[in-house]
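Residue numbers (this note's numbering): 980 to 1247. Here a beta-carbon is modelled for each residue, glycine too, at the ideal position from N, C-alpha and C.
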Ligand SMILES: NC(=O)c1ccc[n+]([C@@H]2O[C@H](COP(=O)([O-])OP(=O)(O)OC[C@H]3O[C@@H](n4cnc5c(N)ncnc54)[C@H](OP(=O)(O)O)[C@@H]3O)[C@@H](O)[C@H]2O)c1
């Protein structure tokens, strides 16, 4: 079992949702936590709660689309804790819009800037320290990184890009750093949907789309990610049936596309 206790863990996008819960849970298990996101007040609330519960946490207002912010986040963390063991690439934004209803595709650049370039900026700043500790880089990703998905064209593209980047970096670095992909389905209890871009290029805000019965709570999701770290897993699929995607894509692509259209239609 890999111990969480005593590790220093940097989590991007920890002002809400999966990142916030991961930060609190890992702190409870004895890790030193470094967190970054744009909403300073929410981020400080997370930090204060961790410290009140006896944990160690550094919070730095960070926009991961800015390389200088990522460098500052890492520098502040190293100044406080001296090393970095695990980088969790969690910050992300999404969309929900049929492509032919989109008025202006400009917001696709925002999706790419955050989900891909932002993650690259975070890795670039943290990598020397992760290599020093023979540490771990975790992508909090989605089934949409390994298959297409209706109404999520720009989001799926940005997560495919990140997967291509981390797979290539893993090849390049050999054993000096470990990588882990978290391939998620729908997770309840986060702000991803209300912050997602709609067809008019603005954020949807009102979260009217209910989650289907196969969705998983953010608490269970975080427990499974921590379990995966402790068991040194390469990839976690949540729910497990997402692990069938590569096979179904290879042998029955028409079935997969039909199923995905059905699932999306039922969510309307
Ligand atoms: N929820 C799901 O169903 C689901 C499914 C599959 C994958 N995921 C992935 O899980 C990750 C976490 O999402 P979530 O569901 O927990 O959503 P969330 O509650 O909206 O959390 C997203 C986090 O990312 C941060 N963020 C966004 N843009 C940022 C930027 N430019 N710089 C720094 N931080 C930024 C947000 O903070 P600020 O706004 O304060 O910056 C927030 O803390 C995402 O990568 C998402 O793609 C989620």
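Nonlocal neighbours in the same chain, by C-beta distance under 8 Å from residue i, ignoring five residues either side
i	result
residue 1077	1129, 1130 and 1178
residue 1142	1118, 1120, 1124, 1125 and 1160
residue 1055	1013, 1037 and 1039
residue 1173	1182, 1183, 1184, 1185 and 1186
residue 984	1008, 1009 and 1010
residue 1193	1164, 1165 and 1218
residue 1108	1053, 1057, 1062, 1063 and 1114
residue 1235	1126, 1224, 1227 and 1228
residue 1180	1081, 1082, 1083, 1085 and 1086
residue 1103	1046 and 1049
Range of the contiguous alpha helix (DSSP H) that encloses residue i
i	result
residue 1050	1046 to 1060
residue 1135	1132 to 1152
residue 1101	1098 to 1111
residue 1241	1232 to 1245
residue 1182	Where residue 1182 is concerned, there is no enclosing alpha helix (DSSP H), given that its DSSP letter is neither H nor E.
residue 1084	No alpha helix (DSSP H) holds residue 1084; DSSP gives it neither H nor E.
residue 1207	1197 to 1209
residue 1026	1019 to 1031
Terminal residues of the beta strand (DSSP E) in which residue i lies
i	result
residue 1038	1035 to 1040
residue 1011	1011 to 1016
residue 1216	1214 to 1217
residue 990	987 to 991
residue 1068	1065 to 1068
residue 1158	1157 to 1163
Cutoff 7 Å; reference residue i; Cβ partners in own chain excluding five residues on either side
i	result
residue 1101	991, 1043, 1049, 1066 and 1068
residue 1224	1122, 1125 and 1126
residue 1169	995, 996, 997 and 1197
residue 1111	1062
residue 1213	1159
residue 1135	1123, 1127 and 1128
heavy atom of ligand 2 below 7 Å from residue i C-beta
i	result
residue 1171	The ligand content of the structure shown is limited to ligand 1, which means ligand 2 is not among them.
Cβ distance (whole Å) where residue i is taken to contact residue j below 8 Å
i	j	result
residue 1221	residue 1164	6 Å
residue 1154	residue 1114	With 8 Å as the limit, residue 1154 and residue 1114 do not qualify as a contact, their Cβ atoms being about 12 Å apart.
residue 1086	residue 1144	21 Å between Cβ atoms; not a contact.
residue 1029	residue 1002	7 Å
residue 1105	residue 1025	Contact flag wrong, Cβ pair sits at about 19 Å.
residue 1156	residue 1195	In fact, because the Cβ distance is near 28 Å, the residues do not count as touching under 8 Å.
residue 1095	residue 1059	With a Cβ gap of about 29 Å, residue 1095 and residue 1059 do not count as contacting.
residue 1162	residue 1215	7 Å
residue 1245	residue 1211	Not confirmed; about 37 Å, so no contact.
residue 1241	residue 981	At roughly 39 Å, the Cβ-Cβ gap does not stay under 8 Å, so residue 1241 and residue 981 are not in contact.
residue 1004	residue 1201	5 Å
residue 1016	residue 1041	6 Å
Bridge-paired residues (DSSP) for residue i
i	result
residue 995	Answer is none; residue 995 lacks a bridge partner.
residue 1121	1163
residue 1115	1065 and 1157
residue 1074	1176
Contact set for residue i: own chain, Cβ-Cβ below 6 Å, skip 5 residues either direction
i	result
residue 998	990, 992 and 1069
residue 1035	1011
residue 1018	994
residue 1071	1094
residue 1098	1068 and 1141
Is there contact between the stretch 1010 to 1019 and the stretch 1084 to 1097, where contact requires at least three CB pairs shorter than 8 Å? In short, these stretches do not touch, since the Cβ pair count stays below three.
With a cut-off of 8 Å, do at least 3 Cβ pairs link the stretch 1145 to 1152 to the stretch 1205 to 1216? Taking a contact to require three or more Cβ pairs closer than 8 Å, the stretch 1145 to 1152 and the stretch 1205 to 1216 do not qualify as touching.
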